[in-house]
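Notes follow the structure.
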Amino acid sequence: MVRAAQNRFNLPTQRILDRILELRQLNRHEHLHLASLLLANHRLTPEERRQVNQIFDQIQSGRIKLVDEGFSPS
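In our numbering, the protein residues as written are 1312 to 1385.
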């Protein structure tokens, strides 16, 4: 699981969070990455931790969409 948590796109966590919040969607690899960050007790700033929790809350409420397509960094 830890191996799956590695940022396979070599982007800083904050950039991934910003992109997800802007586009209102994330793919399954990003979802796994964020879940693994929390479960592995990764060193997140309080703001990053708040944003990850916000993303998961918004997925549950339908405001952020979980998609199957791949990720292409902008």
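We put the beta carbon where it would ideally sit given N, CA and C, even for glycine.
Straight across, the Cα-Cα distance linking residue 1326 with residue 1372 is about 23 Å. Short of 7 Å from the beta carbon of residue 1380, and not among the five residues preceding or following it, lie these beta carbons of its own chain, in chain order: 1338. Per DSSP, the continuous alpha helix (DSSP H) segment holding residue 1345 begins and ends at 1339 to 1350. Rounded to the nearest angstrom, the gap between the Cα atoms of residue 1362 and residue 1340 is 17 Å. Spanning the alpha carbons of residue 1329 and residue 1353 requires a straight line of approximately 18 Å.
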